[in-house]
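Colleague: Have a look at the structure that comes next, please.
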Amino acid sequence: MIQMYGVSKIYNSEIKALQGINLSIERGEFVCLVGPSGAGKTTMLRLITGFEKSTSGAIYVDGHDMNYISKREISLLRRKMGFVFQDFKLIKTKTVFENIAFVLKVIGVKEQEIKRRVADVLNLVELLNKSSSFPHQLSCGEQQRVAIARALVNNPVLLLADEPTGNLDLDIAKEIIYLLLQANERNTTVILATHNNHLATTLKKRIIYLDKGKIGS
Amino acid sequence: MIQMYGVSKIYNSEIKALQGINLSIERGEFVCLVGPSGAGKTTMLRLITGFEKSTSGAIYVDGHDMNYISKREISLLRRKMGFVFQDFKLIKTKTVFENIAFVLKVIGVKEQEIKRRVADVLNLVELLNKSSSFPHQLSCGEQQRVAIARALVNNPVLLLADEPTGNLDLDIAKEIIYLLLQANERNTTVILATHNNHLATTLKKRIIYLDKGKIGS
Amino acid sequence: MSLKYLIKEAMLNLKRGGIASFVTISIITISLFILGLFFILTTNVRAIIEDLSSKVAIVAYLDNGLNKEEIDRLKKEVSKIKEVKHVSYISKEIAMERFKKDLGEGFTDIVETLDTNPLPASIEVKIKGSSFTQEEKERFLHLVAKIKGLVGVKEVDYGKEMIDILTKITEGLSLVIYVIGFLFSIGAVFIVSNTIRLAILSKKEEIEIMRLVGATPGFISTPYLLEGALQGLIGGILSMGLLFIIYKLILNRLIFILTYQFIFLPFTLILGLVIGSIIVGLLGSLLSLHYYLRGG
Amino acid sequence: MSLKYLIKEAMLNLKRGGIASFVTISIITISLFILGLFFILTTNVRAIIEDLSSKVAIVAYLDNGLNKEEIDRLKKEVSKIKEVKHVSYISKEIAMERFKKDLGEGFTDIVETLDTNPLPASIEVKIKGSSFTQEEKERFLHLVAKIKGLVGVKEVDYGKEMIDILTKITEGLSLVIYVIGFLFSIGAVFIVSNTIRLAILSKKEEIEIMRLVGATPGFISTPYLLEGALQGLIGGILSMGLLFIIYKLILNRLIFILTYQFIFLPFTLILGLVIGSIIVGLLGSLLSLHYYLRGG
Ligand SMILES: Nc1ncnc2c1ncn2[C@@H]1O[C@H](COP(=O)(O)OP(=O)(O)OP(=O)(O)O)[C@@H](O)[C@H]1O
Ligand SMILES: Nc1ncnc2c1ncn2[C@@H]1O[C@H](COP(=O)(O)OP(=O)(O)OP(=O)(O)O)[C@@H](O)[C@H]1O
Ligand SMILES: [Mg+2]
Ligand SMILES: [Mg+2]
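Residue numbers (my numbering), protein chains in the order written: chain A, 263 to 479; chain B, 263 to 479; chain C, 6 to 301; chain D, 6 to 301.
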């Protein structure tokens with residue numbers, strides 16, 4: 263699913279967020295990306311989404327060379343992915359329902375089915391009652407769950423979750439992790455970035471350690 | 263320091279974020295506010311800062327009735343407080359240094375001393391090298407630490423920290439908690455809101471449990 | 006992406022835009038209002054000049070001793086020329102009366118010492134009013150020559166200086182109005198498109214998020230373009246309404262002072278302004294969206 | 006809060022505003038440019054009318070048989086009146102020449118049959134040019150009466166109709182220019198203040214944060230107010246520069262076509278526009294800040 267060959271990302275020609283990353287993630291894998299604050303986890307996910315280009319090295323996602331992918335292709339690729347951003351990235355002027363529905367509208371799902379699927383996924387994260395709230399009317403944890411719901415709603419082939427439980431209590435966090443595992447069972451490739459080593463180890467899945475932009479152990 | 267008598271906060275005349283809260287926090291206390299996502303932790307802190315008014319009931323902060331406080335008084339009161347917001351609330355157009363320095367400029371600290379104190383506090387959260395970065399150039403955990411530095415820089419009488427370690431790895435999280443404890447030892451009243459029951463209990467400080475807007479046990 | 010979805014989105018964006026939408030539309034309204042006001046001004050200046058032009062007359066002095074039939078035949082002949090609006094006969098006697106009046110009362114005695122009336126009879130020809138462009142002027146001179154060539158006409162006078170001045174004013178004003186009108190229009194286009202651009206600037210984040218979840222630039226843009234067009238439309242209509250109110254309340258009341266009836270903009274110009282506003286609204290959106298969407 | 010800090014903050018905000026600052030200043034520039042253009046137009050229309058007014062002449066017909074000394078004395082006497090610019094004597098002979106010319110060549114024979122020259126000698130008095138307001142007109146009529154009262158002057162002619170028309174045009178145009186100029190200025194104020202308002206709308210979040218850390222409304226506002234004033238200043242200066250360029254490149258070149266020398270805005274008006282722009286920029290900020298800061 264994802265291959266990286268000697269990937270580096272340097273910001274402002276001095277901040278080495280990633281250095282010489284070699285990595286291969288197979289289709290259907292569940293990978294935990296673990297590292298302390300500032301290790302480069304988010305940066306790596308950004309490169310995979312094509313939101314930023316690498317400074318050097320090659321990245322392939324689902325067969326596409328992310329350095330030479332066209333705008334059209336990148337849009338099509340992203341439609342098969344699901345993202346939980348660390349800062350949620352909800353659209354402020356849209357309600358919870360609209361935020362999640364947007365992902366489905368982009369891929370042309372019918373109005374009726376959109377309603378059903380959004381309701382389903384909101385139910386999973388226990389936010390059905392917040393469907394018509396705007397993001398600023400939600401608690402942080404609630405916003406995070408909306409982000410998770412949005413990532414799950416299109417049954418993505420690849421799911422990138424950046425610290426998806428940072429603002430959630432243990433009970434709900436467990437449920438969210440369970441949702442990710444379930445998705446993985448339906449053959450979704452999952453990358454879970456977290457600073458929580460404990461969480462990663464209990465999952466008993468493949469762990470990639472990142473520190474200061476380098477893969478460690 | 264803080265007294266609440268029958269405080270309720272109802273959003274949109276139906277969402278009961280807080281209900282009938284009675285509470286007293288003494289000067290110099292260290293209190294953990296624990297509850298699951300959506301329990302009302304952030305709402306309670308917002309009422310204490312005067313950022314929102316309660317729907318009913320009375321709140322006193324440092325002797326001021328928050329329902330009848332003037333704009334001028336509220337500004338003066340806030341200068342004695344420090345906040346770590348859950349969503350950081352850093353000013354996007356200001357650098358890390360400027361964000362922290364602003365708090366000191368407001369209270370009229372001299373240019374020279376501002377430089378020294380901001381450097382000191384950035385050193386505490388290990389971000390001295392990010393001094394001239396803008397918030398969007400930082401990782402989430404780094405932004406959170408800037409927020410913490412800003413809250414500490416004016417040696418506040420009252421420190422409100424809303425989930426201050428949600429985006430931090432265990433090592434740094436411990437250091438941050440240590441900083442809060444240190445501040446408390448210098449007689450700062452600290453309220454730490456967190457969904458992490460484990461963290462709260464290990465601190466061996468007073469814990470207030472919140473659930474669905476009510477104080478539980 | 007159905008049209009229904011698009012229009013719904015655009016309306017919703019507009020509504021949720023709150024003050025920003027309101028301010029944007031206000032600025033568009035006022036820009037177009039000012040442009041419209043300028044056009045009203047020029048329309049009326051043109052009307053006044055045309056009015057002046059319509060007062061231009063050709064005086065054809067007649068041969069001495071024409072009889073009534075000959076004069077009538079001549080009048081009829083002149084009336085048949087299509088540029089001619091009105092023909093009137095001025096006898097030798099009337100001409101003398103007028104001459105006396107022109108000279109002032111102090112000199113009537115001098116004139117009265119004359120034993121014959123040396124002034125000729127004449128025909129006064131009013132032409133159909135129109136502004137004196139260079140082209141019109143030539144047509145007019147052609148007409149003068151034609152009347153001069155008629156049997157019984159001895160000499161023709163038409164206020165050469167007046168015609169020259171009118172032509173100069175007409176040509177000069179047209180030029181100035183075109184140049185300044187052009188600059189004004191450019192200015193309005195600039196303000197409207199940039200205001201919409203300013204409004205879209207605040208949508209940077211939301212556009213980025215949409216890109217991140219796989220929406221194509223086209224899919225993202227269309228509702229914003231429509232919103233821009235809608236803002237243009239609303240601004241356009243409001244401005245014309247405001248203009249009409251100002252026209253009715255103020256300009257049209259100046260009539261008492263100016264003894265001139267102000268006219269409003271012609272319908273085609275109103276339509277043009279509103280349609281222009283829509284297009285510029287769309288363009289303003291397109292410009293800023295292009296900026297955000299050209300990246301990955 | 007030192008002045009240094011304030012100015013530094015304002016400049017920094019402006020710089021970091023990026024495209025938004027740029028677009029805001031552009032809109033201000035263009036609004037003032039259009040207003041300035043309108044003022045150039047009116048300034049020049051006024052100048053043209055004044056030019057026309059300066060061509061007004063009073064003709065004083067003289068008594069028959071005045072000798073050279075008497076005429077010279079009269080000329081000198083008239084020259085001394087302060088409104089008078091130029092005096093010239095037209096003898097009976099010159100008057101007859103002009104009369105023949107006016108009548109046209111076809112009638113010279115008729116005039117030549119006259120044995121005496123019935124036309125009087127006259128003095129042509131040009132007055133110092135100024136626009137014909139109602140007030141000016143009265144002063145002018147006073148002058149006419151004064152000349153008429155002089156010994157040796159029989160009759161005075163001054164083109165009553167021309168004066169009436171000039172007065173009407175002057176008064177009417179002044180009114181229209183004041184009304185439309187007022188509306189234009191209001192429009193510019195509105196656009197500038199609202200553009201700045203739109204720019205400040207995007208600062209809502211940052212203002213809220215500042216409030217949260219204990220900054221007073223005054224402390225928060227001052228840099229923004231200064232920024233608004235700065236934007237007004239920059240926009241004002243740029244617009245006047247642009248106006249001057251357009252004036253030099255286009256308007257001033259129309260001279261070849263119009264045989265009229267366009268004039269630029271008077272310095273006081275330029276200064277007024279720039280200062281007005283600063284004030285409006287400040288006001289625009291104040292308005293929107295007030296909105297955000299009135300809450301807790
Ligand atoms: N746009 C940017 N410009 C400059 N530096 C950046 C930028 N984005 C990230 N960085 C830097 O790159 C490094 C890695 O950042 P990244 O966001 O990948 O960390 P992270 O592992 O996600 O950390 P966290 O757990 O705190 O979110 C950090 O030191 C950060 O300051
Ligand atoms: N502005 C608002 N409008 C409407 N509802 C709101 C608003 N702010 C908060 N709420 C609701 O009030 C409840 C309490 O929110 P609060 O932010 O206090 O929770 P919290 O305990 O901080 O949760 P978390 O741990 O997820 O941050 C939530 O259900 C939330 O949806
Ligand atoms: Mg991160
Ligand atoms: Mg919270």
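No residue lacks a Cβ here, since even glycine has one placed at the ideal position from N, Cα and C. Quantities reported herein were computed from a predicted structural model and do not represent experimental measurements.
(1) Could you please go through the chain and list the residues whose beta-carbon is closer than 7 angstroms to any non-hydrogen atom of ligand 4?
(2) Determine the burial state of C:S84: buried for a count of at least 16 other Cβ atoms within 10 Å of its Cβ, exposed for fewer.
(3) Determine which residues share a DSSP beta bridge with C:I132 and list them.
(4) Listing by chain order, which chain C residues have their CB less than 8 angstroms from the CB of D:A25?
(5) Helix or strand or just coil, what does DSSP make of D:I30?
(6) Report the residue from A:T463, A:N446, A:N429, A:I310 whose alpha carbon sits nearest the alpha carbon of B:N459.
(7) Under 7 angstroms from any heavy atom of ligand 2, does the C-beta of A:Q399 make it?
(8) Could you spell out where the alpha helix (DSSP H) holding A:E341 opens and where it closes?
(9) Let me check you understand the geometry: is the CB of A:G312 closer than 7 angstroms to at least one non-hydrogen atom of ligand 1?
(10) Give the straight-line distance between the Cα atoms of D:V149 and D:I63, rounded to the nearest whole angstrom.
(11) What would DSSP say about A:P415, mapped onto helix, strand or coil?
(12) Look at the alpha carbon of C:I12 and the alpha carbon of A:E314, and state the distance between them as a whole number of angstroms.
(13) Please work out which residues of its chain come closer than 7 angstroms, Cβ to Cβ, to A:T317, disregarding the five sequence neighbours upstream and downstream, and give them in chain order.
(14) Suppose contacts are defined by Cβ-Cβ distances below 8 angstroms. Is C:S226 in contact with C:L287 by that definition?
(15) In terms of residue numbering, what span does the beta strand (DSSP E) encompassing A:G319 cover?
(16) By DSSP, does D:G301 sit in helix, in strand, or in coil?
(17) Applying the 10 Å Cβ sphere with the 16-neighbour rule, what's the burial state of B:I369?
(18) Examine chain C for any beta-carbon lying closer than 8 angstroms to the beta-carbon of A:K392, and answer yes or no.
(19) Is A:H457 near ligand 1 - that is, is its Cβ less than 7 angstroms away from at least one heavy atom of it?
(20) Relative to ligand 2, is the shortest distance from any of its heavy atoms to the C-beta of B:G300 smaller than 7 angstroms?
(21) For D:L248 versus D:G41, is the C-beta distance shorter than 8 angstroms?
(22) I want to check one thing, is the minimum distance from the CB of C:L289 to the heavy atoms of ligand 2 below 7 angstroms?
(23) Give the residues from the region 28-42 of chain D that approach chain C closer than 8 angstroms (Cβ to any Cβ), ordered along the chain.
(24) Are there 16 or more other CB atoms within 10 angstroms of the CB of B:R340, so buried, or fewer, so exposed?
(25) What number of angstroms, rounded off, separates the C-alpha of C:E129 from the C-alpha of C:Y94?
(26) Since I believe A:A409 is in contact with A:F350 (beta carbons under 8 angstroms), could you give me their beta-carbon distance rounded to a whole number of angstroms?
(27) Under 8 angstroms between C-beta atoms, does A:G478 make it to chain B?
(28) What does the alpha-carbon distance come out to for the pair B:D424 and A:S395?
(29) Quick one, are the C-beta atoms of B:F292 and B:N391 less than 8 angstroms apart?
(30) Count the other CB atoms, across all protein chains shown, that sit within 10 Å of the CB of C:E140; report buried if there are 16 or more and exposed otherwise.
(31) With 7 angstroms as the limit, tell me which residues of the region 288-299 of chain D have their beta carbon closer than that to any beta carbon of chain B; keep them in chain order.
(32) Which one or two residues does DSSP pair with A:L432 in a beta bridge?
(33) Taking 8 angstroms as the CB-CB cut-off, is C:I152 touching chain D?
(34) Check for me: the alpha helix (DSSP H) holding D:R216 runs from which residue to which?
(35) Using CA atoms only, rank isn't needed, just tell me which of C:S59, C:K80, C:T138 is closest to C:L155.
(36) Counting only beta-carbon atoms, is A:R378 nearer than 8 angstroms to chain C?
Modeller: Reading from the atomic positions:
(1) These are the residues, in chain order, with a beta carbon less than 7 angstroms from any non-hydrogen atom of ligand 4: A:S401, A:C402, A:G403, B:K303, B:T304, B:Q348, B:D424, B:E425, B:A455.
(2) By 1-based counting over the third sequence, the position of residue 84 of chain C is 79. C:S84 should be labelled exposed.
(3) Mapped onto the third sequence, residue 132 of chain C falls at position 127. DSSP, once it has assigned bridges, lists C:V89 as partnering C:I132.
(4) On the fourth sequence, residue 25 of chain D is found 20 positions in, with the first residue counted as 1. What D:A25 touches in chain C: L203, L206.
(5) Locating residue 30 of chain D in the fourth sequence gives position 25, counting from the first residue. Three-state DSSP puts D:I30 in a helix.
(6) The residue you call residue 459 of chain B lines up with position 197 of the second sequence. Of A:T463, A:N446, A:N429, A:I310, the residue nearest in Cα terms is A:N429.
(7) Reading the first sequence from its first residue, position 137 is the one you call residue 399 of chain A. Yes, Cβ of A:Q399 sits closer than 7 angstroms to a heavy atom of ligand 2.
(8) Counting from one through the first sequence, the residue named residue 341 of chain A turns up at place 79. In the sequence under discussion, the amino acid at residue 341 of chain A is Arg, which differs from the Glu named in the question. That run of the alpha helix (DSSP H) goes 333-341.
(9) Start at 1 with the first residue of the first sequence, and residue 312 of chain A comes out as number 50. No, the beta carbon of A:G312 sits no closer than 7 angstroms to any heavy atom of ligand 1.
(10) Against the fourth sequence, residue 149 of chain D aligns to sequence position 144. Against the fourth sequence, residue 63 of chain D aligns to sequence position 58. When rounded, the distance between both Cα atoms is 7 angstroms.
(11) Mapped onto the first sequence, residue 415 of chain A falls at position 153. The identity of residue 415 of chain A in the sequence shown is Val, whereas the question assumes Pro. In this structure, A:V415 counts as coil in the three-state DSSP scheme.
(12) Against the third sequence, residue 12 of chain C aligns to sequence position 7. Against the first sequence, residue 314 of chain A aligns to sequence position 52. Approximately 33 angstroms between the Cα atoms of the pair.
(13) On the first sequence, residue 317 of chain A is found 55 positions in, with the first residue counted as 1. So the qualifying residues of the chain are S270, K271, I272.
(14) Counting from one through the third sequence, the residue named residue 226 of chain C turns up at place 221. Counting from one through the third sequence, the residue named residue 287 of chain C turns up at place 282. Against a cut-off of 8 angstroms, the Cβ pair of C:L287 and C:S226 comes out as no contact.
(15) On the first sequence, residue 319 of chain A is found 57 positions in, with the first residue counted as 1. Run containing A:G319: 318-323, per the beta strand (DSSP E) assignment.
(16) Taking the first residue of the fourth sequence as position 1, residue 301 of chain D is located at position 296. With a pLDDT of only 41 at D:G301, under the threshold of 50, the placement of this residue in the model should not be trusted, and no figure is reported.
(17) Here residue 369 of chain B is taken as the residue at index 107 of the second sequence, counted from 1. It is exposed - the Cβ of B:I369 has fewer than 16 other Cβ atoms within 10 Å.
(18) Residue mapping note: residue 392 of chain A aligns to position 130 of the first sequence, counting from 1. With 8 angstroms as the cut-off, A:K392 does not count as an interface residue toward chain C.
(19) Position 195 of the first sequence, counted from the first residue, corresponds to residue 457 of chain A. Under cutoff, so the answer is yes.
(20) Locating residue 300 of chain B in the second sequence gives position 38, where the first residue counts as 1. For ligand 2, at least one heavy atom lies less than 7 angstroms from the Cβ of B:G300.
(21) Counted from its first residue, the fourth sequence places residue 248 of chain D at position 243. Counted from its first residue, the fourth sequence places residue 41 of chain D at position 36. A contact, by the Cβ cut-off of 8 angstroms.
(22) In the third sequence, residue 289 of chain C corresponds to position 284, counting from 1. Checking the sequence shown, residue 289 of chain C turns out to be Gly, not Leu. False, no ligand heavy atom lies under 7 angstroms from that Cβ.
(23) V28, T29, S31, I32, I35, S36, F38, I39, L42
(24) Position 78 of the second sequence, counted from the start, is the residue given in the question as residue 340 of chain B. B:R340 is buried by the Cβ-count criterion.
(25) Counting from one through the third sequence, the residue named residue 129 of chain C turns up at place 124. Counting from one through the third sequence, the residue named residue 94 of chain C turns up at place 89. Each residue's Cα considered, the two are about 6 angstroms apart.
(26) In the first sequence, counting from the first residue as 1, residue 350 of chain A sits at position 88. In the first sequence, counting from the first residue as 1, residue 409 of chain A sits at position 147. Contact flag correct, Cβ pair sits at about 4 angstroms.
(27) On the first sequence, residue 478 of chain A is found 216 positions in, with the first residue counted as 1. So no, A:G478 is outside the interface.
(28) Your numbering for residue 424 of chain B matches position 162 in the second sequence. Your numbering for residue 395 of chain A matches position 133 in the first sequence. Taking the straight line joining both Cα atoms gives about 22 angstroms.
(29) Reading the second sequence from its first residue, position 30 is the one you call residue 292 of chain B. Reading the second sequence from its first residue, position 129 is the one you call residue 391 of chain B. For B:F292 and B:N391, no; Cβs fall outside 8 angstroms.
(30) Within the third sequence, residue 140 of chain C is the residue found at index 135, counting from 1. C:E140 comes out exposed.
(31) none
(32) By one-based count along the first sequence, residue 432 of chain A stands at place 170. Note: A:L432 sits in no beta bridge, so no partner.
(33) Against the third sequence, residue 152 of chain C aligns to sequence position 147. It does not: the Cβ of C:I152 has no partner Cβ on chain D nearer than 8 angstroms.
(34) Translated into the one-based positions of the fourth sequence, residue 216 of chain D becomes position 211. Unbroken alpha helix (DSSP H) run through D:R216: 209-217.
(35) Here residue 155 of chain C is taken as the residue at index 150 of the third sequence, counted from 1. From the listed residues C:S59, C:K80, C:T138, the smallest Cα separation to C:L155 is found for C:K80.
(36) Numbered from 1 along the first sequence, position 116 holds the residue referred to as residue 378 of chain A. No, because no Cβ of chain C sits closer than 8 angstroms to the Cβ of A:R378.
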